[in-house]
Amino acid sequence: MNDHALIEQFLEMMSAERGAALNTILAYRRDLVALSDFLSTQKTTLSLADQDDLEAFMGALADQGVSARTAARKLSALRRLYRFAHAEKILAQNPSLVLSAPKLPRPLPKVLGHDEVNQLLATAGANTSPRGLRTHALIHILYASGLRVSEMLSLPMTTGQRDERMLMVRGKGGKERLVPLSHEALEAITAYRAVRERFLPTGPSAPRADGFLFPSRAKSGHLSRERFHAITKALAVQAKLDPDKISPHVLRHAFASHLLAGGADLRTVQVLLGHADISTTQIYTHVLDERLKTLVNQAHPLAKKQ
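Going by my numbering, the first residue of the sequence shown is number 42, and it counts up by one from there.
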């Protein structure tokens with residue numbers, strides 16, 4: 042089967058059986074035609090190419106300066122093509138099975154400065170309406186504890202009742218961990234608790250929400266991620282901060298980054314964030330690098346004096 046026929050047969054399957062969008066089909070066609078053109082320069086075809094030929098294609102992409110993300114997309118396209126051709130018995134072997142994927146750079150998390158967090162908290166604290174008190178409690182808890190958004194929104198209504206400074210939460214995989222609650226967060230919870238009943242849904246079709254600290258009419262019975270995301274964006278606008286820079290997840294990043302900058306070690310932050318693997322927490326090593334650089338510049342006897 043020639044290259045054109047094989048590509049078109051694959052794309053027809055993706056459209057008819059997988060319901061792939063037009064843009065996806067067009068992207069696959071571009072990537073596979075590029076592979077076919079490269080193989081023709083190597084005097085081979087899609088049907089005759091072996092693992093060495095495909096590795097040469099990936100190497101050529103790197104030599105051309107193609108980004109790792111674009112190269113990974115092209116690799117995904119060719120893997121799908123060869124998986125299809127092998128499953129349909131068009132090819133006896135799948136030469137793409139052991140190809141190595143390009144290593145994608147991990148983007149650094151967006152981080153808020155201390156002043157920006159304080160501005161956000163101050164703006165939330167200035168609104169003493171029931172919704173304002175709820176927002177103030179939400180922002181304080183998230184920044185004080187570093188909880189995942191889903192963990193915070195599903196907190197039980199007993200949270201903070203006994204003035205506890207550490208909170209037991211159940212995270213991913215049912216694993217329990219202790220996270221801190223600041224004095225300010227506990228005060229914000231106490232102020233919000235006085236108006237909490239106003240948010241309890243009523244009516245025969247209302248979900249059971251009395252067990253949650255942040256009840257809502259959402260199916261879950263507690264405030265939804267989408268609603269909290271909208272609350273955070275609106276608060277950023279009120280605080281005259283860039284709403285594109287602020288989200289619930291960014292506040293979790295701020296918790297971790299500010300701890301590390303203040304002297305906490307990576308292992309402690311890993312435990313507090315509930316990361317199963319230290320490699321997940323290592324996205325914050327840039328904070329440690331800056332801290333160590335500052336320490337050396339300040340403490341080493343041969344460091345330049347400002």
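For glycine and all other residues, C-beta sits at the position ideal for the given N, C-alpha and C. On a predicted model such as this, the values are computed, not experimentally measured, just so you know.
Starting from the N-terminal side, write out each stretch of the alpha helix (DSSP H) that is 4 residues or longer and does not extend beyond the stretch 98-138. Those alpha helix (DSSP H) runs which fall completely within the stretch 98-138 and span 4+ residues are 109-128.
Relative to the alpha-carbon of Ile230, which residue among Gly303, Leu194, Lys260, Leu314 has its alpha-carbon at the smallest distance? Relative to Ile230, the option among Gly303, Leu194, Lys260, Leu314 whose CA is nearest is Leu194.
According to DSSP, which residues form a beta bridge with Val210? Note: Val210 sits in a beta bridge opposite Arg218.
Taking the CB atoms as reference points, tell me whether Val158 and Ala295 lie closer together than 9 angstroms. Taking 9 angstroms as the Cβ cut-off, Val158 and Ala295 qualify as a contacting pair.
Under 7 angstroms Cβ to Cβ from Tyr184, same chain only, skipping five residues before and after it: list those, please. Closer than 7 angstroms at Cβ, skipping near neighbours: Val158, Leu292, Ala295, Phe296.
Please confirm whether Gln92 and Pro136 have their CB atoms less than 9 angstroms apart. Yes, the Cβ-Cβ distance between Gln92 and Pro136 is below 9 angstroms.
Evaluate Gln105 with the Cβ neighbour count: other Cβ atoms within 10 Å of its Cβ, from every protein chain shown; 16 or more gives buried, anything less gives exposed. Flag for Gln105 reads exposed.
My understanding is that Thr164 touches Gln279, with C-beta atoms under 8 angstroms, so please give their C-beta distance in whole angstroms. The Cβ separation is near 5 angstroms, so the contact holds.
Measuring CB to CB, does Phe98 end up less than 9 angstroms from Phe51? Their beta carbons are not under 9 angstroms apart, which means Phe98 does not touch Phe51 by this criterion.
Taking the C-alpha atoms as reference points, what is the distance between Leu222 and Glu228? Between Leu222 and Glu228, the C-alpha separation is close to 10 angstroms.
Phe51: first and last residue of the uninterrupted alpha helix (DSSP H) it sits in: Taken as a continuous stretch (DSSP letters only), the alpha helix (DSSP H) holding Phe51 covers 44-57.
Determine the DSSP secondary structure at Val337, reduced to helix, strand or coil. Unreliable placement is indicated for Val337, whose pLDDT of 45 sits below 50; no coordinate value is reported for it.
Closest by C-alpha distance to Phe253, when choosing among Ala247, Ser246, Gly262, Pro245: Considering only alpha carbons, the answer is Gly262.
Distance between Arg175 and Gly60 (C-alpha atoms, nearest Å): The alpha-carbon separation between Gly60 and Arg175 amounts to approximately 43 angstroms.
Tell me which residue opens and which closes the alpha helix (DSSP H) that His263 is part of. Segment: none, His263 is in no alpha helix (DSSP H) and carries neither H nor E.
Contact belief for Leu313 with Gly187 at Cβ below 8 angstroms, rounded distance in angstroms: Contact annotation, Leu313 with Gly187: C-beta distance approximately 5 angstroms; criterion of less than 8 angstroms satisfied.
My assumption, with CB atoms under 8 angstroms, is that Ala101 sits in contact with Pro143. Please give the rounded CB distance. Rounded to whole angstroms, the Cβ separation of Ala101 and Pro143 is 13 angstroms, and the two are not in contact under 8 angstroms.
So, using beta-carbon positions, are Pro171 and Phe255 closer together than 9 angstroms? No. Outside cutoff.
Which class does Pro242 belong to by DSSP, given the choice of helix, strand or coil? Assigned with DSSP and collapsed to three states, Pro242 falls in coil, not helix or strand.
Does DSSP classify Pro171 as helix, strand or coil? Per DSSP, reduced to three states, the secondary structure at Pro171 is helical.
What would DSSP say about Pro256, mapped onto helix, strand or coil? In the structure shown, Pro256 adopts extended strand secondary structure according to DSSP, grouped into three states.
Measure the C-alpha to C-alpha separation of Asp306 and Asp285 and round it to an integer number of angstroms. Computed Cα separation, rounded: 29 angstroms.
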